[in-house]
Every structure is written in C-alpha cells, then in structure tokens.
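Student:
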Amino acid sequence: NVEPRSVPVFHWHSLVPFLAPSQSE
Amino acid sequence: TPPATSSSLPPYFMKGSIIQLANGELKKVEDLKTEDFIQSAEVSSDLKIDSSTVERIEGSQNPSFAIIQFAVGEHRAQVSVEVLVEYPFFVFGQGWSSCCPEQTTQLFNLPCIKLSVGDVCISLTLKNLK
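Keeping their order, the protein sequence lines are chains A and B. Counted from 1, the first sequence has number 21 at position 21 by this note's numbering; the numbering is strictly sequential. For this note's numbering, add 25 to where a residue sits in the second sequence, where the first one is 1.
1) Looking at chain A, which residues of the stretch 44–65 of chain B have a Cβ within less than 8 Å of any of its Cβ atoms?
2) Compute the Euclidean distance between the alpha carbons of B:V97 and B:F38, then round it to the nearest angstrom.
3) Does A:S14 get closer than 8 Å to chain B when you measure Cβ to Cβ?
4) Quick one: Cα of A:L15 to Cα of B:L34, how far?
5) Measuring alpha carbon to alpha carbon, tell me which of B:S85, B:V142, B:I63 and B:K53 ends up nearest B:T78.
6) Tell me where the beta strand (DSSP E) around B:Q94 begins and ends.
7) Straight-line CA distance for B:V68 to B:A47?
8) Identify which residue in B:K58, B:F90, B:E99 and B:L109 has its Cα closest to the Cα of A:P21.
9) Let me confirm a value: B:D61 is counted as buried when at least 16 other C-beta atoms fall within 10 Å, else exposed. Which label applies?
10) Determine, using beta carbons only, whether B:L132 comes closer than 8 Å to chain A.
11) Let me check understanding here. Comparing Cα to Cα, which of B:V110, B:V54 and B:S76 lies closest to B:A91?
12) Name the chain A residues that come within less than 8 Å of B:A91, Cβ to Cβ?
13) With B:Q64 as the anchor, note down where its alpha helix (DSSP H) starts and where it stops.
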C-alpha cells in the first residue's frame, strides 16, 4: 500500500504581486 | 521610497504547482489564464486587480536583481520593485514573463517570455485603499 502524499495547494493571489501605491493623503 | 525587495523564490512558480482559484477550482500554475485572475478577484471581497504597466527595467547593484518601475492603476501611480531577474509576472493576455525568462524556465520549468517595457502586468491592490 502506498500512502497518498499531500500536494501543497497555493492560493491564486499568492502569485500576483501586491503593488499598492503609497497613500500620502 | 526605496523599492520593495523580494529576495527569495517562492515555490508556487514551479511548473505543476497546484493553484486554487477563488471559486475553488484547481489549476496548474502553467495553465493559468488572464481570466482566472480576473474572475478570482471579482469574487474577492477585499482584493482587486490593477493593471500595472512596466515603465522601466534597470539593473540593480546586485546583478541577480532588477528594478522594475510600474505605473499602477488608473492613476498610474509609480511603484518600484526590486526582484530577482527570474521572478515571473503575469502579463495580461500573454502569460508568465520575467526579466530573464531563460533562468525562470531553467529554475521552475515554467514557460516564460521576456518582460518588456510597455507590458501590462496583473497586480493586486486593496478594494478599500482610498
């Protein structure tokens, strides 16, 4: 018997850079 | 403002990595399409997709890094990030792109093309950031 290995699942937003302009006001 | 720096390569860009979209659907990272990001952001309560246009790409003091200047969102706010040259960005209608696609493909097996000035990348901001 082979134990199923858990495969990591990543959330979609991890792949997208968070580019927030600095808010000065 | 000094550019934001990302010094490590996250594991999820490895070809075959499983990505969960906001609707629960699972896709491999290399199979993601522009619509997947747009639709995921639409159902998100706090995140929205912004268009970030590459305005300038220049070398960093460290040759492993590049400094990329983006014009973010409708107000074209200037944001600079310092990233490893193999760090991939998702370009609207095009897919994964990096400053050094050969290295990206070598490291991650991820199909990738050259990121160029004028490319419009997918980025995220907070919906209530005002």
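Positions of the beta carbon are idealized from the N, C-alpha and C atoms, including for glycine.
Tutor: In terms of the structure at hand:
1) If the cut-off is 8 Å between Cβ atoms, the stretch 44–65 of chain B has I44, Q45, L46, A47, L51, V54, L57, D61, F62 and S65 near chain A.
2) Between B:V97 and B:F38, the C-alpha separation is close to 23 Å.
3) By this cut-off, A:S14 is an interface position.
4) Their Cα atoms are separated by approximately 11 Å.
5) The shortest Cα separation from B:T78 among B:S85, B:V142, B:I63 and B:K53 belongs to B:V142.
6) First-last of the beta strand (DSSP E) with B:Q94: F90 to V97.
7) Straight-line Cα distance between these residues: approximately 7 Å.
8) Looking at the Cα atoms, B:E99 is the closest of the given residues.
9) Answer is buried; the Cβ neighbour count reaches 16.
10) Cβ-Cβ to chain A under 8 Å: no for B:L132.
11) Comparing Cα positions, the closest option is B:V110.
12) Residues of chain A passing the Cβ test: none, with the nearest at roughly 13 Å.
13) Going by DSSP, B:Q64 is part of the alpha helix (DSSP H) stretching over T59 to E67.
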